[in-house]
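Taking it in order: structure first as structure tokens, then the write-up.
Residue numbers (the numbering used here): 63 to 213.
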């Protein structure tokens, strides 16, 4: 199967890795980079979920099973909990505590872009948010078990 990919960006300050692409037909965001299994070095994703989750959020929940298998530590907070804790509501990836991938969505919950951020001050703040959110967030498998059926 071939895919048509659109280049989103890379962290050229770190030898161009990771590089992000979007599948033009599905909208799936692909991350190209070296496989990493050290729990201290893997990408960390914090998803904020609506209740009930939107179709796009359900899609991410479904795909997270595969991503977890390659070492990603994916955790979730309900939007109400993130708001109560004063945490930012956006979805972010944090790579090696050096690069932030900020996911942008439109009002229909369609991914519109990914902004790569390498500014040390913003990255340090993202690490603080990650650590605070991690304390309250639920790991993928446990979270999925408590999500009501979309049917």
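Note that the Cβ used here is the ideal one computed from N, Cα and C, for glycine as well.
1) Tell me the residue span of the beta strand (DSSP E) that contains residue 175.
2) When you compare only the Cα positions, how much space is there between residue 140 and residue 115?
3) Distance check for residue 199 and residue 167, CA to CA, integer angstroms please.
4) To the nearest angstrom, how far is the alpha carbon of residue 20 from that of residue 159?
5) How big is the Cα-Cα spacing for residue 148 and residue 64?
6) For residue 119, is the classification buried or exposed, using 16 other Cβ atoms within 10 angstroms of its Cβ as the cut-off for buried?
This is what the structure holds:
1) Element bounds for residue 175: 173 to 179.
2) Roughly 9 Å separates the two Cα atoms.
3) Those two C-alpha atoms are separated by around 21 Å.
4) Here the chain comprises residues numbered 63 to 213, so residue 20 is not present and cannot be evaluated.
5) Pairing residue 148 with residue 64, the inter-Cα distance amounts to about 43 Å.
6) Residue environment for residue 119: buried (at least 16 other C-beta atoms within 10 angstroms of its C-beta).
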